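Working notes, structure below.
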Amino acid sequence: MQIIFDNVHYVYSSGTSFEKHALKGINLKINKGEFIGLIGHTGSGKSTLIQHMNGLIKATSGKIYFNGEDIYDKNFDMRTLRSKVGLVFQYPEHQLFETTVYKDVSFGPKNLGLDKLEVDLRTYEALKMVGIGDDLIDASPFELSGGQKRRVAIAGILAMQPEVLILDEPTAGLDPRGRDEILDQIAKLHKEKNITVILVTHSMEDVAKYVDRILVMNNGNLVMDEEKVKIFSRYKELEKMHLAAPQVTYVVNALKEKGIPVSTDVTTVDEAKNEILKVFKDKIQKI
Amino acid sequence: MIRDITIGQYYPADSVLHRLDPRLKLSGTLLFIISIFLFDTFYGYIAVTVFLVSVIKMSKVPLKYIMRGLKAIIVILLFTMFFNLFLTQGDVLVRLGFLKITRQGLYSAIFMGIRLTYLILGSSLMTFTTTPNQLTDGLEKLLSPLRRIKVPVHEIAMMMSIALRFIPILMEETDKIMKAQMARGADFETGGVIKRAKSLVPLLVPLFVSAFRRANDLAMAMEARCYHGGDGRTKMKPLRYHRIDYFAYLILLIYMTIVIAISVIENRLPSFL
Amino acid sequence: MDMIKTRDLTFEYIRRDEGGNVESINRAIDGVNLDVKKGDFIAILGANGSGKSTLAKHINALLYPTEGAVWVNGLNTAEEKNLLEIRRSAGMVFQNPDNQIIATVVEEDVGFGPENLGIPTEEILKRVEESLKAVGMFEYRKQSPNKLSGGQKQRVAIAGIMAMKPQCIVLDEPTAMLDPEGRKEVISTVCSLNKLEKITVLLITHHMDEVIYADKVFVMDRGKIVMQGTPREIFSRVDELKKYRLDVPQVTELAYELKKEGLDIPDGVLSIQELVDALLRLYP
Numbered sequence: 001m002q003i004i005f006d007n008v009h010y011v012y013s014s015g016t017s018f019e020k021h022a023l024k025g026i027n028l029k030i031n032k033g034e035f036i037g038l039i040g041h042t043g044s045g046k047s048t049l050i051q052h053m054n055g056l057i058k059a060t061s062g063k064i065y066f067n068g069e070d071i072y073d074k075n076f077d078m079r080t081l082r083s084k085v086g087l088v089f090q091y092p093e094h095q096l097f098e099t100t101v102y103k104d105v106s107f108g109p110k111n112l113g114l115d116k117l118e119v120d121l122r123t124y125e126a127l128k129m130v131g132i133g134d135d136l137i138d139a140s141p142f143e144l145s146g147g148q149k150r151r152v153a154i155a156g157i158l159a160m161q162p163e164v165l166i167l168d169e170p171t172a173g174l175d176p177r178g179r180d181e182i183l184d185q186i187a188k189l190h191k192e193k194n195i196t197v198i199l200v201t202h203s204m205e206d207v208a209k210y211v212d213r214i215l216v217m218n219n220g221n222l223v224m225d226e227e228k229v230k231i232f233s234r235y236k237e238l239e240k241m242h243l244a245a246p247q248v249t250y251v252v253n254a255l256k257e258k259g260i261p262v263s264t265d266v267t268t269v270d271e272a273k274n275e276i277l278k279v280f281k282d283k284i285q286k287i
Numbered sequence: 001m002i003r004d005i006t007i008g009q010y011y012p013a014d015s016v017l018h019r020l021d022p023r024l025k026l027s028g029t030l031l032f033i034i035s036i037f038l039f040d041t042f043y044g045y046i047a048v049t050v051f052l053v054s055v056i057k058m059s060k061v062p063l064k065y066i067m068r069g070l071k072a073i074i075v076i077l078l079f080t081m082f083f084n085l086f087l088t089q090g091d092v093l094v095r096l097g098f099l100k101i102t103r104q105g106l107y108s109a110i111f112m113g114i115r116l117t118y119l120i121l122g123s124s125l126m127t128f129t130t131t132p133n134q135l136t137d138g139l140e141k142l143l144s145p146l147r148r149i150k151v152p153v154h155e156i157a158m159m160m161s162i163a164l165r166f167i168p169i170l171m172e173e174t175d176k177i178m179k180a181q182m183a184r185g186a187d188f189e190t191g192g193v194i195k196r197a198k199s200l201v202p203l204l205v206p207l208f209v210s211a212f213r214r215a216n217d218l219a220m221a222m223e224a225r226c227y228h229g230g231d232g233r234t235k236m237k238p239l240r241y242h243r244i245d246y247f248a249y250l251i252l253l254i255y256m257t258i259v260i261a262i263s264v265i266e267n268r269l270p271s272f273l
Numbered sequence: 001m002d003m004i005k006t007r008d009l010t011f012e013y014i015r016r017d018e019g020g021n022v023e024s025i026n027r028a029i030d031g032v033n034l035d036v037k038k039g040d041f042i043a044i045l046g047a048n049g050s051g052k053s054t055l056a057k058h059i060n061a062l063l064y065p066t067e068g069a070v071w072v073n074g075l076n077t078a079e080e081k082n083l084l085e086i087r088r089s090a091g092m093v094f095q096n097p098d099n100q101i102i103a104t105v106v107e108e109d110v111g112f113g114p115e116n117l118g119i120p121t122e123e124i125l126k127r128v129e130e131s132l133k134a135v136g137m138f139e140y141r142k143q144s145p146n147k148l149s150g151g152q153k154q155r156v157a158i159a160g161i162m163a164m165k166p167q168c169i170v171l172d173e174p175t176a177m178l179d180p181e182g183r184k185e186v187i188s189t190v191c192s193l194n195k196l197e198k199i200t201v202l203l204i205t206h207h208m209d210e211v212i213y214a215d216k217v218f219v220m221d222r223g224k225i226v227m228q229g230t231p232r233e234i235f236s237r238v239d240e241l242k243k244y245r246l247d248v249p250q251v252t253e254l255a256y257e258l259k260k261e262g263l264d265i266p267d268g269v270l271s272i273q274e275l276v277d278a279l280l281r282l283y284p
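Right, dumping it as structure tokens:
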């Protein structure tokens, strides 16, 4: 078990009229190599939850373990945790600050106190992983396009070689192709390096396409934690929390309701296509 | 943490103070600030305290909320008090090695503390009860005679109001960038002066970039909404004095008379009056 | 008369070095001809950097053509004297909700436009009330914008435009920074202004599911208009859209794929219900 949350509560502005119970007794186990989707409407506690994972926010009560170690133990090194659990914030390109792409990406590894060779190695590797070519390495990050900036910023986290990668809406504001490029790269990374990935997103279609397991936050509670297909089959409950299932899930459910024998365990276009074709195969007209 | 700073924020409530004319509140605040520097005897401060407490009561802004404004200046406050306490010459009360506390020092430290605290409380009370737009309207109106000597009064007022609008947004942004850099292993807390100053670069550069971007966006949005300076502009909420404002001016006048009287009786009227 | 008309509109960003010599020229808009009728709901789709935002800024006279011309309500945007009237009649809503709200109280922000136009106080108050009601934000009129959600802030921004009594609203990626809920709020507000108040709408976006309500869709790529038609026509050309870095909603793609496999399904399916109905017709 890589990350364990044991009854974690978080209350902020405690004792004032702004007091808010942002996390209410979260229990959670995350295994190495999982690809997890975290969903919930704005203000449900998603951001607060992920910031606990790398120690940026300290729980009001409860325990968090990383690789078996209590992260609130006084001998635990928080900075190591931050390098092992890489957190990519929303609009990460807003934190770029260096004069060149190279310098910006190497900021993280340098902070880890690595030697020059290792910093170089990691920087180049990270840039390669996000598909930024050598021609841009000495460019100013401020001159890149929106999508490129985003990828450089993600490389800045990857260069720390985290074991867990958390991304808070990594595709916000990108066009459809830009969105696919980034998510495909993350999926590849997950597969090749066996990195644990936690994807925070509002797009059910993205969740359906990439993740295995989904966590649903509502009102500071972790209300669902199951396999993707099981979560989306509870789409009526999701709707009550201002969430939804992917469109194709609704299609197969509507067909099923009309008595057509399709499986409703369907969340992506490909799955839906195969499932529908199974039933409708004799209706295919050869053109 | 950074979100807790409440100076300069508006606190919506329905109170007499909220309804008063901003011009009155501006001049009232100015007079109040003058009044707290008029004397350094306890009797004088009783009058000032009574006035401040009753105004705070009338404002319907929770005391706790107002007090949070003090957090931001606590360092300056302690610093000032410390210097006054140890560096004033006079009758020695206590000696701590090479440091000594004098009676005069003790008094001036206490009075400085009170003055600064009241200064912040008084002026933040004004911003709590006055929307920035009203505030700038008031300022614009009060300063409008200066337009004759080519002071860009409208522009100054507009700049102020925009600054006030963006303070909380930029604070939140600072918080966010700081966290994002900490996630990349940045360390804002340890090291000497130079190291700490250097560690601010990853925070300040993105913050400036963002501020410029916002300024640019905002300028465009204002232009798109037909903003073209103060000429030919009308007001949605033009300033008009009501009976209550005249009454409040009267109270201010009485207050000032009382504090000046006390000050004269104490025979400590500063030379600038 | 068209609400918006552009002829051979071309715009170049020219970068100069310190000596003032031209360093590079980037043609952001390249010969665009656009005709928008009064009362239309037009959507402009395009990937990042396709020139769609630059185009929007021309309609509000925030940018001026390098070549060609733009007319709003018959007024040429290049003429200085038309400036205020153009900006009043074709109001603009921007992407970032925080960066376009000027005042610290909702109603004061909505009043900002009319104040600039020199409207008398009584009339401003009336307009502010009407506009806030039209976007469903009247009950928030005394609040600070900082306390609102993204969708609510955008609705306030729309009210701020409505208070200038425009004939047309140009929305430059108004939902790009919002969550799904906020996006729905904004789009349904825009739709109702178009239907009820007969406001011409020009919606710029790359969220494909937002354009299905439009009367007509234009697709931009590298400064040019490369596709145009009704949403149904556009959405039936899935491969072409993908070439321009765009996409279609999941249900449209599923319908397209099923049709490619030989099922008899209509072109350019826009909603879940349509696809379900089409499949039910096939199933005896």
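Chains as they are written, first to last, in full-length UniProt numbering: chain A, 1 to 287; chain B, 1 to 273; chain C, 1 to 284.
Cβ coordinates follow ideal geometry from the N, Cα and C atoms, glycine included.
In this text the structure is predicted, and so the values were computed from the model without any measurement.
Exclusion of the five residues before and after Met224/A leaves Val216 and Ile231 as the residues of its chain whose Cβ lies within less than 6 angstroms of its Cβ.
Selection Glu118/A, Gly55/A and Pro261/A evaluated against Val8/A yields Gly55/A as nearest (Cα-Cα). Rounded to whole angstroms, the Cβ separation of Pro65/C and Thr10/C is 6 angstroms, and the two are in contact under 8 angstroms. Taking C-beta atoms under 8 angstroms as the contact rule, Val251/C and Phe41/C fail to qualify, at a distance of about 21 angstroms. Excluding its 5 nearest sequence neighbours in each direction, Lys198/C has C-beta neighbours in its own chain below 6 angstroms: Gly39, listed in chain order. Ile30/A sits away from Val88/A, with the two beta carbons spaced by 8 angstroms or more.
Under a 10 Å Cβ-count criterion, Asn216/B is classified as exposed, with fewer than 16 other Cβ atoms of the shown protein chains found around its own Cβ. With the criterion set as a beta carbon lying under 8 angstroms from some beta carbon of chain B, the members of the region 149-167 of chain A are Gly156, Ile157 and Met160, in sequence order. With its beta carbon less than 8 angstroms from one in chain A, Ile272/C belongs to the interface. Using a C-beta cut-off of 8 angstroms, the region 133-143 of chain A makes contact with the region 96-105 of chain A, since at least three inter-stretch Cβ pairs fall below that distance. Contact of Leu132/C with chain B is not assigned, every C-beta pair being separated by 8 angstroms or more.
As the crow flies, the alpha-carbon of Thr60/A is around 26 angstroms from that of Glu226/A. Distance from the Cα of Leu23/A is smallest, within the candidate group Phe5/A, His202/A, Glu257/A and Lys188/A, for Phe5/A. The CB of Asp217/B comes closer than 9 angstroms to the CB of Phe94, Gln95, Asn96, Asp98, Asn99 and Gln100 in chain C, given here in chain order. The beta carbons of Ala159/A and Gly108/A sit closer together than 8 angstroms. Ranked by Cα distance from Gln95/A, the first of Arg184/B, Ile101/B, Ile74/B and Ile251/B is Arg184/B. Taking C-alpha positions only, Leu135/B is separated from Leu121/B by approximately 17 angstroms.
With contacts defined as CB atoms closer than 8 angstroms, Ile169/C and Val32/C fail to qualify as a contacting pair. Contacts with chain C (Cβ-Cβ distance below 8 angstroms) from the region 222-252 of chain B involve Met222, Glu223, Ala224, Arg225, Cys226, Tyr227, His228, Gly232, Arg233, Thr234, Lys235, Met236, Lys237 and Pro238, listed in chain order. The residues Met3, Lys38, Asn73, Ser89, Ala90, Ile199 and Thr200, in chain order, have a CB closer than 8 angstroms to that of Gln167/C in the same chain once the five nearest residues on each side in sequence are set aside. When Gly133/A, Asp206/A and Ile71/A are compared, the shortest CA-CA separation from Ala244/A is found for Asp206/A. Beyond the five residues adjoining it in sequence on each side, Asn219/A comes within less than 8 angstroms, by CB distance, of Lys24, Ser44 and Gly45 in the same chain, given in chain order.
For Met162/C, the closest Cβ of chain B is not nearer than 8 angstroms. For Glu67/C, there is no enclosing alpha helix (DSSP H); the residue is part of the beta strand (DSSP E) that begins and ends at Glu67 to Val72.
Ranked by Cα distance from Glu12/C, the first of Asp239/C, Ser271/C, Ala255/C and Ala28/C is Ala28/C.
By the criterion of a C-beta distance shorter than 7 angstroms, Phe51/B is surrounded in its chain by Tyr255, once the five residues flanking it on both sides are discounted. Here Thr267/A is buried. Its C-beta has 16 or more other C-beta atoms within 10 Å.
Secondary structure at Asp231/B: coil, using DSSP grouped into helix, strand and coil. Taking a Cβ-Cβ threshold of 8 angstroms, the residues of chain A close to Met177/C are Ala172 and Gly173, in chain order. The count of Cβ pairs closer than 8 angstroms, one atom from the region 185-193 of chain A and one from the region 46-64 of chain C, stays below three, leaving the stretches out of contact. For Leu117/C, the C-beta contacts it makes with chain B under 7 angstroms involve Cys226, in order along the chain. Going by beta carbons, Leu125/C and Cys226/B fall outside the 8 angstroms limit. Taken in chain order, the whole alpha helix (DSSP H) runs of length 4 or more contained in the region 123-196 of chain B are 132-143 and 153-182.
Straight across, the Cα-Cα distance linking Ser123/B with Thr29/B is about 6 angstroms. Distance between Ile101/C and Asp109/C, taken at the CA atoms: about 6 angstroms. Contacts with chain C (Cβ-Cβ distance below 8 angstroms) from the region 157-178 of chain B involve Ser161, Ile162, Leu164, Arg165, Pro168 and Ile169, listed in chain order.
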